[in-house]
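Only one structure is covered here, and it is reproduced in the block below.
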Amino acid sequence: MAELWFGLLGLMLVTYVVLDGFDFGAGVLHLFVAKSDAERRTVLSAIGPFWDGNEVWLIAAGGVLFVAFPDVLTTAFPAFYLALHLVLWCFVLRGIAIEVRSHVADAMWRALWDALFAVSSSLLALLFGVAFGNVVRGVPLTDAGNFTMPFFTNFRASGQVGLLDYYTLSVGALSVLLLAAHSAAFLAWRTAGVVRDRCLSLERKLWPAVGVAFALVSLETLFVRPDLLAHLAQRQTAWLGIAIAFGGAALLIRSRRGQLDGQAFLGSCALIVGVLAAAGAGLYPVFLHSTLDPRFDLDAFHQARNSIGMRFALGWWPFAFALAVSYLVNVFRANRERAREDNY
Amino acid sequence: MDDPSFWHRLQFGFTIVYHYLFPQLTMGLALFIVLWKWRALRTGDERYDRAARFWAKIFGVNFALGVATGVPMEFQFGTNWARFSRYSAGVIGQTLAMEGMFAFFLESAFVAALVFGEAKLSRRQHFVSALAVWLGSWLSGYFIVTTNAFMQHPAGHALLEGVLVLDQPARFLLNGWAIVEYAHTMAASVVTGAFVVSAVGAFYLLRGKHAQQASLYLKWGTRVGLVACVLVAFPTGDRQAKLVAEYQPVTLAAMEGRFESGDHAELTFIGQPNVPERRIDNAIRAPMVLSILAYGTPSRSVLGLKEFPPDTWPSNIELLYYSFHVMAGLGTLFILLMALSVWLGYRGRLEQQRPVLWLLLLAFPFPYIATTAGWMTAELGRQPWLVYGLFRTVNGYSASVSTGNTIFTLLGFSGLYFVLGLVFLFLVGREISHGPEEGAAHG
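Which chain is which? The protein sequence lines are G and V, in order.
When we follow our numbering, the leftmost residue of the first sequence carries the number 176, and every step to the right adds one.
When we follow our numbering, the leftmost residue of the second sequence carries the number 1159, and every step to the right adds one.
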């Protein structure tokens, strides 16, 4: 049961990254690929029908984490208290910026909300990367089953670690680059004209940068978590993930030669899904690794007591998931045409 | 204030009260928009499309604020109330997860189509979008009220290794308390929507602008409003009071500031609770009414606070007493105002009665005050428990978070929400001063 819920939760989180990733990335790119008001409206029109629903994947995944693995949530959330409030405030500002920006036809009003959209989206992309870096590196879990953590200690990735160190910041930077590239692929598919041209030319710089950053982070991971490599090699899901990632990269390169925008975005999605699936398979079954002693790790089997509750959740979850996917397909179908400035 | 739980409660209380200003209008307005889109679909009357179009714009801004201020609520279960979450996640985690998966996906998938999609969609498709958003927002209400109802009156759970687990899903999801609380809350959100719609109608008539649309808002606002105001009081409010009397008798005593027990219990309309002296000062009372409200019979004894150990008394009896009386008093005045307006409207005289239009205009903040006071009654009345009878509030907060951090984030929320409030009022004020206009018909 715990294995299954680890997988379902992983599926929801990967969906979240792929979906909200393209609208976070749109925020990172916003000021660069869209200069005029009409171009900025085009970018916002492209993500407009999606971003709110994309965010729901995080809320829904949080709900599933809450019901399936409450000890993980209640150990990690208080420990990341200030960082999570920073994330929350970025979410609040970002949502408001997207919604109110085009309500008033005034250059200063729009410049303000454009900047807030860009800054809060970039910070979120960075912070989620840092958060993922923390999960991979581990946190200073004690034998009492809890931990507290400052923003930073000595920037080394072992022992009494902080939220930020060289490793988590590297993952944060990779996250910003990857989501920017992913979003460039999305916007190249969903827009036309000069925004699309700028996205295509940015993609040619961003994807190689992602490749270099990914290689660096992989190398760092070998030093930070040498045990993960052994896990990766043993697990079939990890190999499947790596295959999907390579397939995605190949599709991305091939479709860019033929100007097939939709396929290129699909390739980008597959790349992210594959990398995250491999990482998840490597980390399984541990949610929170202890940097102090592996015996204090908090894993998926830590709680499997709520049997009636988990069977009940397994009854409604597939139904709800199918509905959510059908809405998503419906929104994509309803917005088949490339976004123009006047849609939003 | 030396107790860390004070600051966690203040932050949660502040952020939830602020958040709920938006969803109550979302849920109330969604119903109006569905009704108007349905009338437009059935009659082909462009006036209803225009009304729906105008209110959808205000709905959009309001919805965005509701989403933005709602995300922090979900996170705070983990960040601020970790020990409570660890204790109760096995049960309330279900409804929180179901809210995300059944309600938020539905709302978010259709809200853009409702607010921006009219030109692209057919009348029927646009109506379906409105219906989906209404259904999503009211479903979300059900899941969150069920979560609260479990905290008020736990049902369907079992205790295993010191934490709660789900034992009977149906009893948890169909908790009798949840059904009454949900009906009461939804009726109250329609009251908020009705007062806002009526106030804008009254505003335009007083200014002599948009007369045709204003009449429509006034007619629908007051008629739907009267029905909703009556439903808030009876049967939903009445049933809620009887549930409190049955399952939280100490809360009922505190709500009424009733220290002594006795039959033929009187209802205190007005007066000041004096907790140290154990009495109500300067009370004006109605004999037997409390016995009737609580148990449906005039003679039945209603217990006073003295019958209960003081460590089970709600921790702030004065605030609870005033919250309850503000809610109940306003609810009564709402029925009178809406009944008067509907009666005048029926006689065709409402639009000429400027004093009544002024009353309707100035009344719109009061449903917000009443719903806030109502939730304060529910939540203060539940104290000192977080899960009634099972888990105390002082044991629920995250022990590892320092009070300094909590005050810091409380201040951060205050500043951020102040700015959000300004942006909201500015944008909605602009839409209202701009007014409903002739726009693109359906594609």
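In this text, a Cβ means the ideal position worked out from N, Cα and C, and glycines have one as well.
Through-space distance from R1281 of chain V to S211 of chain G, alpha-carbon basis: C-alpha of S211 of chain G to C-alpha of R1281 of chain V: approximately 34 angstroms in a straight line.
Could you check where the beta strand (DSSP E) with H1315 of chain V kicks off and where it finishes? That run of the beta strand (DSSP E) goes H1315 to L1318.
Can you tell which of G:V506, G:G313, G:S376 and G:V346 has the C-alpha that lies nearest to the C-alpha of L451 of chain G? Its Cα nearest to that of L451 of chain G, the residue G:V346 stands out among G:V506, G:G313, G:S376 and G:V346.
T317 of chain G classed as buried or exposed, judged by whether at least 16 other C-beta atoms fall within 10 angstroms: Exposed is the call here.
Just list the alpha helix (DSSP H) runs in the segment 1407–1434 of chain V, keeping only unbroken ones of 4 residues or longer that don't cross its boundaries, in chain order. The segment 1407–1434 of chain V contains these whole alpha helix (DSSP H) runs: 1407–1413.
Go through the segment 1520–1578 of chain V residue by residue and report every complete run of the alpha helix (DSSP H) that reaches 4 residues or more, in order. Segments of the alpha helix (DSSP H) lying fully in the segment 1520–1578 of chain V: 1523–1540.
Within chain V, partners of L498 of chain G - CB distance below 9 angstroms: Correct list: M1259, F1260, F1263 and L1264.
Thinking E1276 of chain V and R1211 of chain V are a contact (beta carbons under 8 angstroms), I'd like their distance in whole angstroms, please. About 6 angstroms separates the Cβ atoms of E1276 of chain V and R1211 of chain V, confirming a contact at the 8 angstroms cut-off.
Taking buried to mean at least 16 other C-beta atoms within 10 Å of its own C-beta, is H1483 of chain V buried or exposed? So H1483 of chain V ends up on the buried side.
Interfacial residues, the segment 216–246 of chain G to chain V, with Cβ spacing under 7 angstroms: For the segment 216–246 of chain G, the set of positions with a beta-carbon nearer than 7 angstroms to some beta-carbon of chain V reads G223, P224, D227, G228, V231, I234, A235, G237, G238, V239, F241, V242, P245 and D246 in chain order.
Kindly identify the DSSP beta-bridge partner or partners of A514 of chain G. According to DSSP, which records beta bridges pairwise, A514 of chain G is partnered with G:T366.
Exposed or buried, S393 of chain G, counting other C-beta atoms within 10 Å across all chains shown (16 or more means buried)? So S393 of chain G ends up on the exposed side.
Using a Cβ-Cβ cutoff of less than 7 angstroms, which residues in the same chain neighbour V1354 of chain V once the five nearest sequence positions on both sides are dropped? Contacts found: L1183 and F1522.
Tell whether a beta-carbon distance below 9 angstroms holds between I1302 of chain V and T1253 of chain V. In terms of Cβ geometry, I1302 of chain V and T1253 of chain V form a close pair [threshold 9 angstroms].
Comparing alpha-carbon positions, which option in V:S1287, V:R1512, V:G1258 and V:Q1283 lies nearest V1269 of chain V? Looking at the Cα atoms, V:S1287 is the closest of the given residues.
Answer yes or no: do P1431 of chain V and M1446 of chain V have a C-beta to C-beta separation smaller than 9 angstroms? If you check the CB distance, P1431 of chain V and M1446 of chain V do not come in under 9 angstroms.
Within 7 angstroms of chain G by C-beta, residues of the segment 1314–1341 of chain V in sequence order: Within the segment 1314–1341 of chain V, the qualifying residues are L1318, E1319, V1323, L1324, D1325 and P1327.
S358 of chain G to L344 of chain G, Cα distance in whole Å? Cα to Cα, the separation comes out at about 21 angstroms.
Roughly how many whole angstroms lie between the Cα atoms of M176 of chain G and A495 of chain G? Taking the straight line from one Cα to the other gives about 19 angstroms.
What is the DSSP secondary structure of G1601 of chain V, counted as helix, strand or coil? Confidence at G1601 of chain V is low in this model, with a pLDDT of 43, below 50, so the placement of that residue should be treated as unreliable; the coordinate-derived value is given next. Looking at G1601 of chain V - three-state DSSP - the assignment turns out to be coil, as it is neither helix nor strand.
Buried/exposed call for V189 of chain G, threshold 16 Cβ in 10 Å: Classification of V189 of chain G: buried, given that the 10 Å Cβ count is 16 or more.
Any 3 or more C-beta pairs closer than 8 angstroms across the segment 292–302 of chain G and the segment 263–282 of chain G: The answer is yes - the segment 263–282 of chain G touches the segment 292–302 of chain G, with three or more Cβ pairs under 8 angstroms.
Suppose the cutoff is 6 angstroms on Cβ atoms and the five residues either side in sequence are ignored; what does the same chain contact list for F1285 of chain V look like? Result list for F1285 of chain V: K1195 and L1199, in chain order.
Tell me whether the beta-carbon of T1561 of chain V lies closer than 9 angstroms to the beta-carbon of P1230 of chain V. The Cβ-Cβ distance between T1561 of chain V and P1230 of chain V does not fall below 9 angstroms.
Just to check my reading of the structure: G228 of chain G and A1267 of chain V have Cβ atoms closer than 8 angstroms, yes? What is that Cβ distance to the nearest angstrom? Confirmed, about 5 angstroms.
Quick one: grab the DSSP three-state call for F462 of chain G. Of the three classes helix, strand and coil, the one that applies to F462 of chain G here is strand, per DSSP.
What three-state label does DSSP hand R1437 of chain V in the structure shown? DSSP, reduced to helix, strand and coil, places R1437 of chain V within a strand of the structure shown.
Ignoring anything shorter than 4 residues or poking outside the segment 255–283 of chain G, list the alpha helix (DSSP H) runs there in chain order. Listed in chain order, the complete alpha helix (DSSP H) runs (minimum 4 residues) inside the segment 255–283 of chain G are 256–275.
Based on the DSSP output, what are the partners of A1444 of chain V in its beta bridges? Looking at the DSSP assignment, A1444 of chain V forms a beta bridge with V:L1425.
Starting from V1602 of chain V and walking both ways along the beta strand (DSSP E), at which residues does that stretch end? Here chain V comprises residues numbered 1159 to 1601, so residue 1602 of chain V is not present and cannot be evaluated.
Proximity test, L426 of chain G beta-carbon vs the ligand GTP heavy atom, cut-off 8 angstroms: Ligands displayed in this structure: none; no statement on the ligand GTP is therefore possible.
Under 7 angstroms between beta-carbons, which chain V residues line up against L263 of chain G? List them in chain order, please. The contact set of L263 of chain G on chain V, defined by CB atoms closer than 7 angstroms, consists of V1229, P1230 and F1233 in chain order.
In three-state terms, what does DSSP make of F327 of chain G? Correct three-state label for F327 of chain G: strand.
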